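K.L.:
Sending over a structure as structure tokens; questions will come in a sec.
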Amino acid sequence: MLEIRDLHTVVDGKPILRGVDLEIVAGEVHAVMGPNGSGKSTLAYVLSGREGYHADSGEVLYDGQMLLELTPEERARAGLFLAFQYPVEIPGVPNATFLRTAVNAVRLARGEEELSAMAFLKEARAKLKQLQMDESFLNRQVNVGFSGGEKKRNEILQMAMLEPRLAVLDETDSGLDIDALKIVADGINRLRSAGRAMLVITHYQRLLDYIVPDKVHVLAEGRIVRSGGKELAVELEKKGYAEFSSAA
Amino acid sequence: MSVSVETVKSVEAATGGEYKYGFYTDIESELAPKGLNEDIVRFISAKKGEPEWLLDWRLKAFRLWLSSAAEEPAWANVRYSPIDFQDAYYYAAPKQAEAPKSLEEVDPALLETYEKLGIPLKEQEILAGVAIDAVFDSVSVATTFKGKLAELGIIFCPISEAVKTHPELVKKYLGSVVPVADNFYATLNSAVFSDGSFVYVPKGVRCPMELSTYFRINTAETGQFERTLIVADVGSHVSYLEGCTAPMRSEHQLHAAVVELVALDDAEIKYSTVQNWYPGDKEGRGGIYNFVTKRGACRGRNSKISWTQVETGSAITWKYPSVILQGDHSTGEFYSVAITNNYQQADTGTKMIHIGRNTSSTIISKGISAGHGQQTYRGLVRILGKADNARNYTQCDSLLIGEKCGGHTVPYIEVKNQTAKVEHEATTSKISDDQLFYCRQRGLSDEDAVALIVNGFCREVFQKLPMEFAVEAQKLLGISLEGAIG
Ligand SMILES: Nc1ncnc2c1ncn2[C@@H]1O[C@H](COP(=O)(O)OP(=O)(O)O)[C@@H](O)[C@H]1O
Ligand SMILES: [Mg+2]
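Residue numbers (this note's numbering), protein chains in the order written: chain Z, 1 to 248; chain L, 1001 to 1486.
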């Protein structure tokens, strides 16, 4: 589903990604771990097309398409979802309006009919319940005055509503207490399916106790320096990232 | 040959269809000779069959306008080349053998025009609960639901008609809020005013439907000088809506209106405007000069006047809907969204004049500038010596889209009473790249993203609009901002 080949990215004149190779097939969950500042978010931004984060060389194939040639909204409509490390506030816009606009933009692009207000509400309520979120979430302004944990849950709610093919989750565990972490992990696990792939970015192994990955990669100094099974995460937790920083 | 064929010029196609109302109705019109002099004033008055007192009133205004006492305001933060007041028509009306007495008699070409503007005038098709007065160039062509309103004693008719049917009311209130000598454009309007609506709501009556006037400028080189007067008698309540459009033309056209509101004891007037005059093209050619004086007087104790405006159109807007808070415990409100895109300019705001005790006012202004748009919020809060415990809260937010536009805030605060509490908050922000990217990552196009974010920015004001108009305003906002980024 996703093939990243020799990806190089310079941000603000600084080389951040220096030859990333990564392949994910449908149905798999991969974790990318690495020290702070190693370029994990940069990778997420390059994949989702954020301005200022361009590939200087290398290519990314998504379902056989040249992903990097698409605009951010084209990527989103093609089923790529990014759960933001720092979700953005949009004052004055009710969460429900934002969600419904997004869902319908994606549906229209897929040639499906727009969801009616009623159908949307019904679906949103069901998803809220699964994430143990109060219905008042729908009326609150997008991320305005949300606690860190609420913001992260809101990202997962959006993911659940948008039903992406490829989800990139950037530090979705940060800022969550253990109970919230379990609920969010549950929400994510519920979305695991044969047709869907996930790239779970995290600094800590903790999240991977709940979302058990098929593969774990270590990103350090702009490259995937090691890949392995879920036991790699446990090893990293014990040893830290020191060995990779000096190795490069 | 009273009925002519309507041809719709497809200016839309040529310009990418941003302004949906730019068509022109090819209908035979009766015009006053070009230019402005006493004979023209007499011509307009005669056309409307006005009584002597009103002609005298107009002539007095005209002479004042000619004298040096009336000076074109130069303080507003807008730029335009001098207006040649002789190079325009001051009266234009669709030719009709006789004034239509009912909707059945209205020229079908006119009905079709309003249909196309989304304002069907056939009563059975009308938005439930909205009565409409349709003003086309200098005359009112139709008013709906008049009969139903009359049963409650509510008068809703063209002001030219009210002059004849209710002269005592018109005489009593006309010019009582905006005096003839108020300002250059108000003086001009007093001399040459064409049509507009007159509303009187009797004691204790809650008007059961929204009253609405739809203004349409059609004829080229014509100014529109509407005059609206709304009087809410003791304990009454009325909500009034105003909408406006004009064809796309490369020359500028002047629209200089005067609106006066009077609220007596315990009365409430809610006045909403969705102003969508032709704004000019992307290079700033053409568009309406919207130089308007709107003012309400809370004459009675415990009365309330609320202005809500959504200003998306016009090349230049110069407009300060104000409230004079005379009655003790009276309330004034001003909620405004103004958008300037391309080369549009707006200098707009409000004046809240606190005279009575325990008066309070609220001002919420949301200014959005994009392209080369220039916008100034200009507001005056004046608390006079006897206005014990007066309160004002002002919040003024500007949103800038792009690098070439400008947003300015000019608040004037004058307080002559120690017990007053005046609060002023102002912010200037930009649509952040973070917000845009967040929306686009969820599948929204960048234009939809901008519209969504701007709608959020305007929410407090849109919530004050009647339901159907809030939806309309949101759509309009999206259209006005087309091409604002990218
Ligand atoms: N917009 C930016 N401007 C300047 N430097 C940036 C920007 N974004 C990221 N960086 C730098 O790139 C490096 C990688 O950052 P990031 O991808 O956020 O790492 P991680 O998510 O792994 O913590 C850091 O050194 C960071 O300072
Ligand atoms: Mg990061």
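Glycine included, C-beta positions come from ideal geometry on N, C-alpha and C.
It should be emphasised that the depicted structure is a prediction, and the values quoted were computed from it without experimental measurement.
1) Compute the distance between the beta-carbons of residue 90 of chain Z and residue 11 of chain Z, then report whether it is under 9 angstroms.
2) In chain order, what residues of the same chain have a beta carbon less than 8 angstroms from the beta carbon of residue 1173 of chain L, not counting five sequence neighbours either side?
3) So residue 1 of chain Z packs on residue 62 of chain Z, CB below 8 angstroms; how close in whole Å?
4) Beta-carbon within less than 6 angstroms of residue 1285 of chain L's beta-carbon, same chain only, minus the 5 sequence neighbours each way: which residues are those?
5) Quick one: Cα of residue 1124 of chain L to Cα of residue 1131 of chain L, how far?
6) Helix, strand or coil: how does DSSP classify residue 1107 of chain L here?
7) Judging by CA-CA distance, which residue of L/1385, L/1431, L/1170, L/1472 is the nearest neighbour of residue 1401 of chain L?
8) Starting from the beta carbon of residue 42 of chain Z, find every residue of chain L whose beta carbon is closer than 8 angstroms, and list them in chain order.
9) Of all Cβ atoms in chain Z, is any one closer than 9 angstroms to the Cβ of residue 1182 of chain L?
10) Let me know the secondary structure DSSP gives residue 1190 of chain L once reduced to three states.
11) The alpha helix (DSSP H) spanning residue 161 of chain Z covers which residue range?
12) Any heavy atom of ligand 1 closer than 8 angstroms to the CB of residue 19 of chain Z?
13) Along the alpha helix (DSSP H) that carries residue 118 of chain Z, what are the first and last residues, could you check?
14) Could you tell me which residues DSSP puts in a beta bridge with residue 1400 of chain L?
15) Does ligand 2 have a heavy atom nearer than 8 angstroms to the CB of residue 136 of chain Z?
16) Between which two residues does the beta strand (DSSP E) containing residue 1154 of chain L stretch?
17) How far does the beta strand (DSSP E) with residue 1232 of chain L in it extend, from its first residue to its last?
18) Note down the Cα distance separating residue 233 of chain Z from residue 227 of chain Z, rounded to an integer number of angstroms.
19) State the Cα-Cα distance for the pair residue 117 of chain Z and residue 56 of chain Z, rounded to the nearest angstrom.
20) For a contact defined as C-beta to C-beta under 8 angstroms, what are the partners of residue 1479 of chain L on chain Z?
21) Please list, in chain order, all residues of the same chain as residue 1505 of chain L whose beta carbon is under 7 angstroms from its beta carbon, the five residues on each side excluded.
22) In the structure shown, what three-state DSSP assignment does residue 1181 of chain L receive?
23) Is there at least one Cβ from chain L nearer than 9 angstroms to residue 124 of chain Z's Cβ?
24) How would you call residue 1149 of chain L, buried or exposed, if buried means at least 16 neighbouring beta carbons within 10 angstroms?
25) Report yes if the CB atom of residue 32 of chain Z is closer than 9 angstroms to the CB atom of residue 17 of chain Z, and no otherwise.
26) List, in order along the chain, the chain Z residues whose C-beta lies closer than 7 angstroms to that of residue 1444 of chain L?
27) With a threshold of 9 angstroms between beta-carbons, can residue 76 of chain Z be considered close to chain L, or not?
28) Return the chain-ordered ranges of every beta strand (DSSP E) run that is complete within the stretch 176-246 of chain Z and spans a minimum of 3 residues.
29) Can you look up residue 1392 of chain L in the DSSP assignment and give me helix, strand or coil?
30) Is the beta carbon of residue 201 of chain Z within less than 8 angstroms of some heavy atom of ligand 2?
31) May I have the straight-line CA-CA distance separating residue 39 of chain Z from residue 174 of chain Z, to the nearest angstrom?
32) Return yes when the Cβ of residue 1196 of chain L is within less than 9 angstroms of the Cβ of residue 1214 of chain L, no when it is not.
33) Tell me where the beta strand (DSSP E) around residue 1236 of chain L begins and ends.
34) The beta strand (DSSP E) that contains residue 1386 of chain L, what's its start and end?
35) If the criterion is Cβ atoms closer than 9 angstroms, does the pair residue 1425 of chain L and residue 1474 of chain L meet it?
36) Can the beta-carbon of residue 1439 of chain L be found closer than 9 angstroms to that of residue 1449 of chain L?
P.N.:
In short:
1) no
2) 1229, 1231, 1260, 1262
3) Right, their Cβ atoms sit about 7 angstroms apart.
4) If you ignore the 5 residues before and after residue 1285 of chain L, its C-beta comes within less than 6 angstroms of the C-beta of 1250, all in its own chain and listed in chain order.
5) Residue placement at residue 1124 of chain L is poorly supported in this model, since its pLDDT is 48, which falls under 50; the coordinates are not used for a value here.
6) In the three-state reduction of the DSSP assignment, residue 1107 of chain L falls in the coil class.
7) L/1431
8) Within 8 angstroms Cβ-Cβ: nothing; residue 42 of chain Z doesn't reach chain L, min ~14 angstroms.
9) no
10) helix
11) Counted as a single uninterrupted DSSP element, the alpha helix (DSSP H) harbouring residue 161 of chain Z occupies residues 148-162.
12) Flag unset: Cβ of residue 19 of chain Z not near ligand 1.
13) 117-130
14) L/1369, L/1430
15) no
16) Taken as a continuous stretch (DSSP letters only), residue 1154 of chain L belongs to no beta strand (DSSP E), as it is neither H nor E.
17) 1227-1232
18) 10 angstroms
19) 43 angstroms
20) Under the 8 angstroms cutoff, chain Z gives no residues; its nearest Cβ is about 17 angstroms from residue 1479 of chain L.
21) With chain L covering 1001 to 1486 only, the question about residue 1505 of chain L has no answer from this structure.
22) coil
23) Residue 124 of chain Z does not count as touching chain L.
24) So residue 1149 of chain L ends up on the buried side.
25) At least 9 angstroms separates the beta-carbon of residue 32 of chain Z from that of residue 17 of chain Z.
26) Simply 73, 101, 102, 105.
27) It does: the Cβ of residue 76 of chain Z has a partner Cβ on chain L nearer than 9 angstroms.
28) 197-202, 215-220, 223-228, all fully within the stretch 176-246 of chain Z.
29) strand
30) yes
31) 17 angstroms
32) no
33) That residue, residue 1236 of chain L, is in no beta strand (DSSP E); it is neither H nor E in DSSP.
34) Where residue 1386 of chain L is concerned, there is no enclosing beta strand (DSSP E), given that its DSSP letter is neither H nor E.
35) no
36) Taking 9 angstroms as the Cβ cut-off, residue 1439 of chain L and residue 1449 of chain L qualify as a contacting pair.
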